[in-house]
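> The letter at position 424 of the sequence shown is residue 424 when you use the UniProt record's numbering, and the numbering goes up by one with no holes.
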Amino acid sequence: MATVRLTVAQALVKHLSAQFVELDGQELPLFAGVWAIFGHGNVAGLGEALHAARDTLPTYRAHNEQGMAHAAIAYAKAQGRRRMMACTSSVGPGAVNMVTAAALAHVNRLPVLLLPGDTFATRAPDPVLQQVEQPGDFTVSANDCFRPVSRFWDRVTRPEQLMPSLRRAIQVLTDPVDCGPVTLCLPQDVQAEAYDFPLSFFAKTVRRARRPEPDRDELAAALTALRGTSKPLIVAGGGVHYSGACAALADFAARHGIPVAETQAGKGALAWDHPCNVGSIGVTGSSAANALAEEADVVLAVGTRLADFTTASWSVFGNPAGRLVGLNVAAFDAVKGDALPLVADAARGLAALDGGLGDWAAPTAWRALAQERMTVWNRVVDAATADAGLDLPTDAQVLGAVNRAAGEDGVVVCAAGGLPGELHKLWRTARPGGYHLEYGFSCMGYEIAGGLGVKMACPDREIFVMVGDGSYMMMNSELAVSVMMKRKLVVVLLDNRGYGCINRLQNACGGAPFNNLLRDAHFETDVLPTVDFAAHLRALGAVTEQVTGVAALSDALERAKSSPVTYAIVINTDPLPSTKEGGAWWDVPVPEVSTRPEVTAARARYVAAKARQRR
Numbered sequence: 001m002a003t004v005r006l007t008v009a010q011a012l013v014k015h016l017s018a019q020f021v022e023l024d025g026q027e028l029p030l031f032a033g034v035w036a037i038f039g040h041g042n043v044a045g046l047g048e049a050l051h052a053a054r055d056t057l058p059t060y061r062a063h064n065e066q067g068m069a070h071a072a073i074a075y076a077k078a079q080g081r082r083r084m085m086a087c088t089s090s091v092g093p094g095a096v097n098m099v100t101a102a103a104l105a106h107v108n109r110l111p112v113l114l115l116p117g118d119t120f121a122t123r124a125p126d127p128v129l130q131q132v133e134q135p136g137d138f139t140v141s142a143n144d145c146f147r148p149v150s151r152f153w154d155r156v157t158r159p160e161q162l163m164p165s166l167r168r169a170i171q172v173l174t175d176p177v178d179c180g181p182v183t184l185c186l187p188q189d190v191q192a193e194a195y196d197f198p199l200s201f202f203a204k205t206v207r208r209a210r211r212p213e214p215d216r217d218e219l220a221a222a223l224t225a226l227r228g229t230s231k232p233l234i235v236a237g238g239g240v241h242y243s244g245a246c247a248a249l250a251d252f253a254a255r256h257g258i259p260v261a262e263t264q265a266g267k268g269a270l271a272w273d274h275p276c277n278v279g280s281i282g283v284t285g286s287s288a289a290n291a292l293a294e295e296a297d298v299v300l301a302v303g304t305r306l307a308d309f310t311t312a313s314w315s316v317f318g319n320p321a322g323r324l325v326g327l328n329v330a331a332f333d334a335v336k337g338d339a340l341p342l343v344a345d346a347a348r349g350l351a352a353l354d355g356g357l358g359d360w361a362a363p364t365a366w367r368a369l370a371q372e373r374m375t376v377w378n379r380v381v382d383a384a385t386a387d388a389g390l391d392l393p394t395d396a397q398v399l400g401a402v403n404r405a406a407g408e409d410g411v412v413v414c415a416a417g418g419l420p421g422e423l424h425k426l427w428r429t430a431r432p433g434g435y436h437l438e439y440g441f442s443c444m445g446y447e448i449a450g451g452l453g454v455k456m457a458c459p460d461r462e463i464f465v466m467v468g469d470g471s472y473m474m475m476n477s478e479l480a481v482s483v484m485m486k487r488k489l490v491v492v493l494l495d496n497r498g499y500g501c502i503n504r505l506q507n508a509c510g511g512a513p514f515n516n517l518l519r520d521a522h523f524e525t526d527v528l529p530t531v532d533f534a535a536h537l538r539a540l541g542a543v544t545e546q547v548t549g550v551a552a553l554s555d556a557l558e559r560a561k562s563s564p565v566t567y568a569i570v571i572n573t574d575p576l577p578s579t580k581e582g583g584a585w586w587d588v589p590v591p592e593v594s595t596r597p598e599v600t601a602a603r604a605r606y607v608a609a610k611a612r613q614r615r
């Protein structure tokens, strides 16, 4: 057997470089690059190997380990999970900084390969710098924190272990069901050890998407349910995008006259003005979609994990005789809500349903009702997003200006706080990929790093990052990386002087305004703290301006679009209002006992809503 002598780090990099994926008839590297912040746990091993391979597997430098992992995850999402990136850090704080990102990728089922350095396998110099010592278990290191938030986790303590471990890692990263973060912990001494690796380990491998076909009996049951429905509804999730099934869903819905509601991850599966699109569903849903969900007798859930925001904590599907059909590549998700499972790739499943339904279509009256309700909802969107001439506009009015500036090709990136709810309700997406929200983990600080990853995946599209002041303060360092890498972003920072979203939730639950808006927090001064965000953004390298009102914002957005470099706009907004229309209940328990009458009243509303929750 022919072999080549390489270090573990060199073999790892060489194997990654040999992995390719077929996309639209073209072979492309599976790994688009490696994000790295070097330290004593990875610079001598992986650092040396990456330097030698920098022309085939580029290495990117970041400012924060969590931020670089967010960029890698956003890249994979924007690539439809077909291509991905790896991230390497030193042992200790560098590694632990990536744990939050690993959890984000796990919840959202997104691939990222995490390669944290680790302590010595030999234990000869223990305890090394940054080592976490566990007196009862010498095998534990800080990297064990990745175990619960990884789809596959391993620690490579001998060179020959790399081969089965890395093969399994890539299988998980590319599997439509198992897809998610993979962590391979690399002791720093093992990284530098040499071994005679078989040349076959480095043979070029081209991977193609696996598309499971539906089971015959499951298909028959799903078809029976759909043929017997008079009020069908489709809920489109992120799996529609990852399957590349957006066009297939649009055709299927039009041919059979079935209204389509979209989850956060599924938004953009249909163009906003497609005749079957009834908007977002659930807690942040349109009045059209939620009213239809209340009446629907069969709900076809396509590629969604049916999280609580989608189901309004299992209260949005109100028909007691209603039934769910779960079309999902993962059996785990296909049976949620006691659904009839149809375990298959979304595109293949829709094709099978289409063939089985023939010329069947939903009743004309149901289709007309859906379009009538969507007409009403579109008037709501127009009103909510119009410029009211306010010095402190609402989030909805700001996103309206950004949406108009983005046009059909722009991509909005956002994550946590109040903005995702308004965006889910009100943003109009013309084509797939134009709406990039991280709302599975709702991770503050994702926005700018995520925007960078999306720009790397979609260099020809304008990326609009919408971020609140609270989220910006959590993480902003990768804006400087976007400037350094010449990956232009348009950043719109909405300053409502605190955590406006949670302040509204606190009030809705009867609580007094407390510790969310800056004016309601405790400081050792009577002067309200202020942050000059425009100066800070400018210091990070962005061309920056601060504006007042939506008209000025619209003008600034036109200047931003013509800029060749990252451009940031800061605008002050009103923290209190949000779009009242649409929406649904969310299960947030309210205290049974309180001295506040507002809490008592909120508890009564909570108990009444809880009674409508699907069991």
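By construction, the Cβ of each residue, glycine as well, lies at the ideal position given by its N, Cα and C atoms. None of the values given here were measured: they were computed from a predicted structure.
Are there three or more Cβ pairs, one per stretch, closer than 8 angstroms when the segment 198-211 is compared with the segment 14-21?
Short answer: they touch.
> Assign Q10 to one of two classes, buried (16 or more other C-beta atoms within 10 Å of its C-beta) or exposed (fewer than that).
Buried, because 16 or more other Cβ atoms sit within 10 Å of the Cβ of Q10.
> Hey, F441 and N108: beta-carbon distance below 8 angstroms or not?
Yes, the pair counts as a contact, with Cβ atoms nearer than the cut-off.
> Quick one, are the C-beta atoms of Q264 and F309 less than 8 angstroms apart?
Yes, Cβ-Cβ distance for Q264 and F309 is below 8 angstroms.
> DSSP three-state call for Q26: helix, strand or coil?
Strand.
> Okay, do the segment 255-270 and the segment 235-244 touch, 3+ Cβ pairs below 8 angstroms being the bar?
In short, these stretches touch, since the Cβ pair count reaches three.
> Which of helix, strand or coil does DSSP assign to P148?
P148 falls in the helix class under three-state DSSP.
> With a threshold of 6 angstroms on Cβ separation, who are the neighbours of A512 within its own chain once the five nearest residues in sequence on each side are excluded?
So no residue of the chain qualifies.
> Name the residue from S243, T429, K486 and V492 whose alpha carbon lies nearest to the alpha carbon of D345.
It is S243 whose Cα lies nearest to the Cα of D345.
> Can you list, in chain order, the stretches of the beta strand (DSSP E) that have 3 or more residues and sit fully within the segment 334-421?
Those beta strand (DSSP E) runs which fall completely within the segment 334-421 and span 3+ residues are 340-343 and 411-414.
> Under a Cβ-count criterion, where at least 16 other Cβ atoms within 10 Å of its own Cβ denotes burial, should Q397 be classed as buried or exposed?
By the neighbour-count rule (16 or more Cβ atoms within 10 Å), Q397 is buried.
> Would DSSP call V140 helix, strand or coil?
Looking at V140 - three-state DSSP - the assignment turns out to be coil, as it is neither helix nor strand.
> Thinking C-alpha only, which one of M475, L576 and D526 is nearest L537?
Minimum Cα distance to L537 is reached at M475.
> Would you mind stating whether Y499 and G470 have Cβ atoms separated by less than 8 angstroms?
For Y499 and G470, yes; Cβs fall inside 8 angstroms.
> If I follow the unbroken alpha helix (DSSP H) through H51, where does it start and stop?
L46 to A52 is the span of the alpha helix (DSSP H), which, as asked, contains H51.
> Starting from residue 617, follow the alpha helix (DSSP H) in both directions and report where the run begins and ends.
The requested residue 617 does not occur in the structure, where the chain is confined to residues 1 to 615.
> With a threshold of 16 other CB atoms inside 10 Å of the CB of M1, please say whether the residue is buried or exposed.
So M1 ends up on the exposed side.
> Based on DSSP bridge pairs, tell me the residues matched to T88.
DSSP, once it has assigned bridges, lists A36 and L115 as partnering T88.
> Just reading off the beta strand (DSSP E) that S280 is part of, what are its end residues?
Per DSSP, S280 belongs to the beta strand (DSSP E) from N277 to S280.
> When the distance is taken between beta carbons, is R323 closer than 8 angstroms to A225?
Yes, Cβ-Cβ distance for A225 and R323 is below 8 angstroms.
> Given a cut-off of 8 angstroms, decide if T59 and P198 are closer than it, judged by their beta-carbon atoms.
Taking 8 angstroms as the Cβ cut-off, P198 and T59 do not qualify as a contacting pair.
> To the nearest whole angstrom, what separates the beta carbons of P529 and L517, a pair I think is in contact under 8 angstroms?
That pair is no contact at about 11 angstroms.
> Buried or exposed, going by whether 16 or more other CB atoms sit within 10 Å of the CB of residue 616?
No statement about residue 616 is possible, as the shown extent of the chain runs from 1 to 615 and does not include it.
> What runs of the beta strand (DSSP E), each 3 residues or longer, lie entirely inside the segment 448-532?
Runs found: 463-468 and 490-495.
> Going by beta carbon distance, what residues of the same chain come within less than 8 angstroms of Y75, once the five residues before and after it are set aside?
Only A32, R83, M84, M85, G453, V454, M456 and A457 meet the Cβ criterion.
> Under the assumption that L392 contacts T573 (Cβ atoms under 8 angstroms), give the Cβ distance between them as a whole number of angstroms.
That pair is a contact at about 6 angstroms.
> As a quick exercise: from V550, N319 and M466, pick the residue whose alpha carbon is nearest that of R615.
Minimum Cα distance to R615 is reached at N319.
> Is it true that the CB of G279 sits closer than 8 angstroms to the CB of A293?
No, the pair does not count as a contact, with Cβ atoms beyond the cut-off.
> Per the DSSP calculation, R207 is bridged to which residue(s)?
BP columns for R207 point to V21.
> Look up G536 in the DSSP assignment and say whether it is helix, strand or coil.
The identity of residue 536 in the sequence shown is His, whereas the question assumes Gly. Helix at H536.
> Find out if the Cβ-Cβ distance for the pair V465, L494 is shorter than 8 angstroms.
Taking 8 angstroms as the Cβ cut-off, V465 and L494 do not qualify as a contacting pair.
> Is the beta carbon of H256 sitting closer than 8 angstroms to the one on A362?
Yes.
> Starting from E218, trace the alpha helix (DSSP H) both ways and give me its first and last residue.
Start and end: R216 to R227.
> Among A552, R147 and G418, whose alpha-carbon lies nearest the alpha-carbon of L505?
Per the Cα distances, G418.
> Distance check for S90 and G39, CA to CA, integer angstroms please.
Straight-line Cα distance between these residues: approximately 5 angstroms.
> Hey, quick one: how far does the alpha helix (DSSP H) through P125 stretch, first residue to last?
P125 -> no alpha helix (DSSP H), and no H or E assigned at all.
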